[in-house]
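Enquirer: Numbering (UniProt numbering), first residue to last: 1 to 1046.
Here it is, the structure, as structure tokens.
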């Protein structure tokens, strides 16, 4: 035998030996599979096994497949599974179940069902593991209904006997969608089927209950698990309970639970500490959050990126961007790599502070490091660009989303629509809206934003909003649509809408529906009624718009030029409203053909004919005015002298106002050339939280609300906590000085007089889709509680409206939004009287914590500042208010805050300078010279404040540069004053609207519809603590000096 043959035999012998040993090793133990530490080892071992002859058994391949799956390399597992099939390895139910699990984990559940089909074709009966994997895939893809159907079919047809894993999978899916009732029912079914629940079962349901603020139910289930079932809790269970307690602000109970964990020798893990850090940051207590991180490190737990993301977000919420950036920069030193969430938090903080340049730098840094922005990141940046008026950059970023394969969600479309409208690009918004076509997003936004009457809402959407000369009341037809009358302004609206539609229809949209920018020429004509406005005065609609055909056929013309299917559906769903609108439009056309429009008697102006009809004058009759710009009350908005009417005492009549403003809720919106659409894009909160909806449905009844028969408040502690948490998150994200746009309604002090609030909503429009929230914002100037009998109703409804319409309803703080004040003047007593001592005190504390987050002032169109009290001695620039960091309490000792909430103007324009304020030591009154100085320093033209009861509901001061506003009537049952609101149009004409005090004038703490004779506690309280006397009326017994003790 030659040397070559000898070596070949030895080499072959080695091969045989190696194959034999490999095969024997797999047949005896799993040591080689257990030694796999990475994917490359697994792939190399698979290659060796696949080259071995005979092939190892399917069990060995399945063990290797399972090891790769445990490393979460699901695509590689599927590749190996395909290779197994290709080389002829017999497939069993275990390898099939692994393949199905990988498909489902990759969100390819359909492929998982295809593998299930292979099981049937190969006569492999599926087992409970295969079905559990499929259920888990459906849950991961949010297909909970399909998962329920499959589970019921398995049980009904007895295809398999569900085990604890399958039950846990279904319970996880139900809890994911907040279906806690069904999850608990499934838990009971497990017990009936003799399937013992595990710690995972209970922990999943407990976690879901805590997320839904059902902390009491969570603890009941916890006690059942421990004491009845004998299942010991783990760190996950405790972490869920601690999260639930922290979200409700139950810090003492959370501390006790941490102590219990220590006693049970269960050490908090990273997730537990992160929950505490996140909770403190959301409360604005970032210093405590940092202390938690230090304790965490001392105990050997290393904070992860999620922990620091919470801390960064906490500083961003407080507006402390320098500190947030310092923590962000320190991540690298801690061995952590910033993720998309960390960058998004910083971007959101910079955008909220209108520092868009810094935000853009961070965005470019993020993409430069290879991080792919997600939809949330793009939404934040797009909204930031719109907030500073950089619409072109926002459009580019929206285009980039498509280029980066990021699919815009419903929030993206909402942000773009709102941004375009707020930046006066109505036609671009309209084109973008049409681009959305028949998608589900379109339907969702239409449902949230539509007007109460579908046909009118259709006009608004199709024509890009209300046009020149349109009066708000002409389109608010929800209250009495069939009886709506077509005034001249409504004719202008419909005519301008039809004319503008022809213009929009002929313009090709740009990419993604944006219309290219064009130059807009300002119009310098004045309104025919002679009102003095700020900036460019208002002109009537163009002459061509007057005589445009308003036939029903043309107004309701079908086709792509008119309606998207989403709006068509709304019109069909409101056939009665649409029919009534069609009749109204037809009647308007008939009157217009004669060159005249019928007006009700109460609307006849100086041009009314003896027949009661008012002629429409052509544009040529309108003479431009040279009146200087300035914010003033409407020229006819003059208070009529008070009358004395028997036992009613002094009464204030409604303002004598002409046709322009006689009807409630009417404001002027400017011309088609230089005004934005009147429609405000609603930004309703998209959450599963049902408490705000419950509150609105229960309380927002402008015509039907009656005081409750039972004194017990209809919300419980958990619901109020939920409402406070939701609204606090919104308030904490808002600046101290809100930046608002007209049109807007401004409300003064309400002081728990909920009946007066409903009367104002009834008379002048309510914040709902059936009212006028789609067209005009609402601003409330503080003092929501105390003095009146329904403070809980008042603050609950306002908070619910804030959650439901976060960008349309605005609240700022008053001096009674402080615990030390409302503990004395009724709110604390009301909470205890109506919710019991324990719950009432807790609710009182929780709402007062929320008050510390309220914004402090509002700036409208950068020309009108609204606050509760005044400027006092210390406030010279708006930046002083903006620099106040929230949450802030009265105990903070801020002079700026005290002046902002407590100071008053002097008695009249002749008293200048600063004077001591009879409200108490350290408080001041300020003269008209201070008002003018402040306005000049900040380029303002008007200050609107509340805080003082005035006889007519509003009072001018400092030659019209300051207005005091008070909305509660017959304050404390003694003042007999009227209540008022201010309606501010887009052209910044200020129109006061009044309600009278109701009889009997002096018989209860509050002459409002909610008067209760049995509620003597508020009568006694107000008798012991009388209010500051009403301005404009001499006081005999309760003069200002007698109240210095306050």
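Beta carbons are placed, not taken as given, at the ideal position from N, Cα and C, and that holds for glycine.
This one's a predicted model, so the numbers in the text were calculated from it and none came from an experiment.
So what's residue 73 in DSSP terms, helix, strand or just coil?
Expert: DSSP places residue 73 in coil when its eight states are reduced to three.
Enquirer: Considering only residues of the same chain and omitting the five flanking positions on each side of residue 231, which have a CB-CB separation below 6 angstroms?
Expert: Once the five neighbours on either side are set aside, the close Cβ partners of residue 231 are 199, 225.
Enquirer: Closest to residue 868 by CA distance: which of 816, 820, 997, 889 is it?
Expert: Measuring from the Cα of residue 868, the nearest candidate turns out to be 816.
Enquirer: Quick check: the stretch 98-107 against the stretch 132-142, are there 3 or more CB pairs under 8 angstroms?
Expert: A contact exists between the stretch 98-107 and the stretch 132-142.
Enquirer: Going by beta carbon distance, what residues of the same chain come within less than 8 angstroms of residue 961, once the five residues before and after it are set aside?
Expert: Around residue 961: 928, 931, 932, 935, 941, 942, 943.
Enquirer: Rank 950, 715, 750, 872 by C-alpha distance to the C-alpha of residue 835 and give the top, closest one.
Expert: That would be 715, whose Cα lies nearest to the Cα of residue 835.
Enquirer: In three-state terms, what does DSSP make of residue 979?
Expert: Three-state result, residue 979: strand.
Enquirer: Would you mind listing the beta strand (DSSP E) stretches within the UniProt repeat "PPR" (163-197) that are 3+ residues and don't spill past its ends, in chain order?
Expert: Segments of the beta strand (DSSP E) lying fully in the UniProt repeat "PPR" (163-197): there are none.
Enquirer: Could you tell me the alpha carbon to alpha carbon distance between residue 847 and residue 952, rounded to whole angstroms?
Expert: Cα to Cα, the separation comes out at about 31 angstroms.
Enquirer: Leaving out five residues before and five after residue 1014 in sequence, what residues of the same chain have Cβ atoms less than 7 angstroms from its Cβ?
Expert: Below a pLDDT of 50, predicted positions are generally treated as unreliable, and residue 1014, at 45, falls in that range; the measurement from the model is reported next regardless. Correct list: empty, nothing qualifies.
Enquirer: Pair every Cβ in the stretch 842-858 with every Cβ in the stretch 763-770, then say whether three or more of these pairs are closer than 8 angstroms.
Expert: With the cut-off at 8 angstroms, the stretch 842-858 and the stretch 763-770 do not touch.
Enquirer: May I ask you to list the residues that DSSP assigns as paired with residue 365?
Expert: According to DSSP, residue 365 bridges with nothing at all.
Enquirer: Please report how far the alpha carbon of residue 910 lies from the alpha carbon of residue 399, in whole angstroms.
Expert: Approximately 59 angstroms, taken between the alpha carbons.
Enquirer: Extract the residue ranges of the alpha helix (DSSP H) inside the stretch 273-320, only unbroken runs of 4 or more that lie entirely within it.
Expert: Here the runs fully enclosed are 286-298, 305-317.
Enquirer: Whole beta strand (DSSP E) runs in the stretch 857-930 with 3 or more residues, listed along the chain?
Expert: Listed in chain order, they are 857-860, 864-866, 914-916, 924-926.
Enquirer: Near residue 727, what residues of its chain come up, given a Cβ to Cβ distance below 7 angstroms and the 5 sequence neighbours on each side ignored?
Expert: Taken in chain order, the residues that qualify are 799, 802, 803, 850.
Enquirer: Could you check whether residue 707 and residue 986 sit closer than 8 angstroms to each other, using their CB atoms as the reference points?
Expert: No, the Cβ-Cβ distance between residue 986 and residue 707 is not below 8 angstroms.
Enquirer: Determine, using beta-carbon pairs with one atom in the stretch 227-243 and one in the stretch 195-214, whether at least three such pairs fall under 8 angstroms.
Expert: Enough Cβ pairs lie closer than 8 angstroms, so yes.
Enquirer: Within the same chain, show all residues whose beta-carbon is closer than 6 angstroms to that of residue 49, passing over the 5 residues directly before and after it, in chain order.
Expert: Contacts found: 56.
Enquirer: Considering residue 694, what are the terminal residues of the alpha helix (DSSP H) in which it resides?
Expert: Per DSSP, residue 694 belongs to the alpha helix (DSSP H) from 691-699.
Enquirer: Mapping the DSSP letters down to three states, classify residue 392 as helix, strand or coil.
Expert: Correct three-state label for residue 392: helix.
Enquirer: Which complete beta strand (DSSP E) runs does the stretch 696-760 hold, if anything under 3 residues is left out?
Expert: Complete beta strand (DSSP E) runs here, min 3: 737-740, 744-747.
Enquirer: When DSSP labels each residue in this structure, what does residue 994 get in the three-state scheme?
Expert: If DSSP states are grouped into helix, strand and coil, residue 994 belongs with the strands.
Enquirer: According to the Cβ coordinates, are residue 80 and residue 68 closer than 8 angstroms?
Expert: Yes; because the gap between Cβ atoms is below 8 angstroms, this pair is in contact.
Enquirer: Terminal residues of the continuous alpha helix (DSSP H) containing residue 237?
Expert: Residues 235-247.
Enquirer: What's the C-alpha gap between residue 702 and residue 770?
Expert: Taking the straight line from one Cα to the other gives about 11 angstroms.
Enquirer: Grab me the residues of residue 245's own chain with a C-beta within less than 6 angstroms of its C-beta, minus the 5 sequence neighbours each way, in chain order.
Expert: Closer than 6 angstroms at the Cβ level, and outside the excluded window around residue 245, lie 253, 254.
Enquirer: Nearest to residue 958 by CA position, among 53, 906, 862, is which residue?
Expert: For residue 958, the nearest C-alpha among the options comes from 906.
Enquirer: Cβ atoms of residue 990 and residue 882: under 8 angstroms apart, would you say?
Expert: Against a cut-off of 8 angstroms, the Cβ pair of residue 990 and residue 882 comes out as no contact.
Enquirer: Determine whether the beta carbon atoms of residue 348 and residue 321 lie at a separation below 8 angstroms.
Expert: For residue 348 and residue 321, no; Cβs fall outside 8 angstroms.
Enquirer: So is residue 132 buried or exposed if we call it buried at 16+ other beta carbons inside 10 Å?
Expert: Its Cβ being crowded by 16 or more others within 10 Å, residue 132 is buried.
Enquirer: For residue 366, I'd like the list of residues in its chain whose CB is within less than 7 angstroms of its CB, leaving aside the five on either flank, ordered along the chain.
Expert: So the qualifying residues of the chain are 343, 373.
Enquirer: Alpha carbon to alpha carbon, what distance is there between residue 218 and residue 895?
Expert: Computed Cα separation, rounded: 45 angstroms.
Enquirer: Rounded to the nearest angstrom, what separates residue 235 and residue 271 at their Cα positions?
Expert: Roughly 9 angstroms between the two C-alpha positions.
Enquirer: May I have the straight-line CA-CA distance separating residue 391 from residue 357, to the nearest angstrom?
Expert: The alpha-carbon atoms of residue 391 and residue 357 are separated by roughly 14 angstroms.
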